[in-house]
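Residue numbers (our numbering): 127 to 598.
Here a beta-carbon is modelled for each residue, glycine too, at the ideal position from N, C-alpha and C.
Structure, as structure tokens:
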Ligand code: ADP
Ligand code: MG
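Put into structure tokens, the structure is as follows:
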């Protein structure tokens, strides 16, 4: 358990179920949450899901009681897919989720509406359309903060959204985890739906695409699967790197791609790396992915990080002093999702402590694991070279020298591989740190090591152990 987990101490006066039989909403939620527990880490589960209490189910709608609105916001932004999958699994079809808030129950006068959502019907239909397309109505262009690091990708996405199929096709967005790729892709889908309600917009992860494909083969429903994907007007495929190594899914996707492309339908893809660097991806797909426009996203600078925090907070009507935003933005640099997670924690803390702000030690305690995660990222190429040299018993100088006997060249390649995996440096910067080699050499080393690892279990373990030591 986590000592900072103050939320668990809040007790609530709620109508308790008097019947002896366990009510369906309770068993249902128990089943859904056990699926979730298996898929998220323990801390996430305790912090967010365990605090939810099922209140009732009717008309495929499960009502959950959450400590406050932040819970709904956070779960919908990050775990809605997971919730949907878990509910399909436990309930047989997709559930809707409604949230009530304990905060409201105690602070609002009786008779006031418990739920803040009083959606206008117009908005509701867009929301329904969106969720039908696999989109989360929160990820709009309006809620995206543009800074130097993402302005190119943002501009490409708005161009595609205003003229789908007629500007850049496909649009390929890549960059590190938590930098807003999914957000921008979804914004494209939402924007298109806003102007053309009957557009067939389809958002899926490549994993989901592959799973549905396999289900379709097994259930002899390939025609239906193909119809769904090949008749889309806009296909948004997230995290395409997971198609790597899945040969039959790649083959299927190749034909999907061609059908859509030939019909001038918009295709948008995202990945954590450029097309040519996706492991085990067929060349014909790599080349197609490069046909249109490729846009990279970088981690936002500190001003943008502060602006993002300000925006998220104001969207959620959270009031926090600027120093807290500054603290968070300075300490959390590489991942906006993590930054947002930290904000939610602080906001939740404040809300559950009658508005009292945490002092710095409390803040550090509250964000301990997030700050540790962040610190881990600060691995340098020098540390990697040193550790690898020790492991292979070569001199550090050999890491940067021009000498090429295999006994030296291979450890050097391993160090390049790890530098690529563990630091945020570009290929050129890594090449420079290895005695002025060019980016092609680093890329080659990375591939070489990766390929050898896939065939050589001992090497794989060795590299995994180096990776682990360096992260610690
Ligand atoms: P990725 O798909 O690149 O891993 P996401 O799109 O899921 O990242 O973004 C992670 C979280 O960070 C989301 O909640 C998203 O809204 C938020 N986010 C990322 N970049 C921005 C930004 N520039 N402005 C506002 N929110 C952002
Ligand atoms: Mg994503």
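In the DSSP assignment, residue 592 falls within the alpha helix (DSSP H) that extends over 583–597. At the C-beta level, residue 434 and residue 462 come within 8 Å of one another. Cβ-Cβ distances below 8 Å link residue 524 to 515, 534, 537 and 538 in the same chain, with the five nearest sequence neighbours on each side left out; the list follows chain order.
Among the bridge pairs identified by DSSP, residue 182 is matched with 189. Here DSSP, grouped into helix, strand and coil, assigns residue 327 to strand. Residue pairing by DSSP places residue 462 in no beta bridge whatsoever. Annotation: the region 491–520 contains the following complete segments of the alpha helix (DSSP H) (minimum length 4 residues), in chain order: 494–502 and 507–518. Taking non-hydrogen atoms of ligand 2 into account, the C-beta of residue 307 is found less than 7 Å away from one of them.
In this structure residue 201 does not touch residue 188 by the C-beta definition: roughly 13 Å separates them, more than the 8 Å allowed.
Boundaries cannot be given for residue 442, as no alpha helix (DSSP H) includes it and DSSP labels it neither H nor E.
Residue 541 holds the alpha-carbon nearest to the alpha-carbon of residue 575 among 563, 410 and 541. Sequence-distant Cβ neighbours of residue 264 in its own chain, meaning closer than 7 Å and more than five residues away, are 202 and 203. Look at residue 373 here: in three-state DSSP terms it is helix. In the structure shown, the three-state DSSP call for residue 524 is helix. Ligand 2 has no heavy atom closer than 7 Å to the beta-carbon of residue 593. A distance below 6 Å between beta-carbons, with the five flanking residues on each side excluded, links residue 158 to the following residues of its chain, in chain order: 212, 213 and 216. Under the DSSP assignment, residue 396 falls in the beta strand (DSSP E) whose first and last residues are 392–397.
A Cβ-Cβ separation of about 6 Å places residue 439 in contact with residue 446 under the 8 Å criterion. The closest heavy atom of ligand 1 lies less than 7 Å from the beta carbon of residue 426. Out of 586, 184, 327 and 359, the CA that lies nearest to the CA of residue 387 is found in 359.
In this structure the region 292–305 does not touch the region 254–270; the number of beta carbon pairs closer than 8 Å is below three.
The region 333–353 makes no contact with the region 281–295, as fewer than three CB pairs between them are under 8 Å.
DSSP places residue 297 inside the beta strand (DSSP E), whose first and last residues are 297–301. The alpha carbon of residue 366 has as its nearest neighbour, out of 350, 327, 308 and 353, the alpha carbon of 308. Around the CB of residue 184, fewer than 16 other CB atoms lie within 10 Å, so the residue is classed as exposed.
At least one heavy atom of ligand 1 sits closer than 7 Å to the Cβ of residue 466. Shortest gap from the CB of residue 269 to any heavy atom of ligand 1: under 7 Å.
Counting along the chain, residue 364 sits inside no alpha helix (DSSP H); it lies in the beta strand (DSSP E) bounded by residues 360–364. Shown here, residue 419 sits in a strand according to DSSP, grouped into three states.
Contact check for residue 548 against residue 565 fails: the beta carbons are separated by 8 Å or more. Going by C-alpha positions, residue 559 is about 39 Å away from residue 205.
Within the same chain, 367 come within 6 Å of residue 398 by CB-CB distance, once the 5 residues on both sides are set aside. When secondary structure is reduced to three states using DSSP, residue 217 falls in the helix class.
Residue pairing of residue 225 in beta bridges, as defined by DSSP: 190. With contact defined as three or more Cβ pairs closer than 8 Å, the region 278–285 and the region 400–412 are not in contact.
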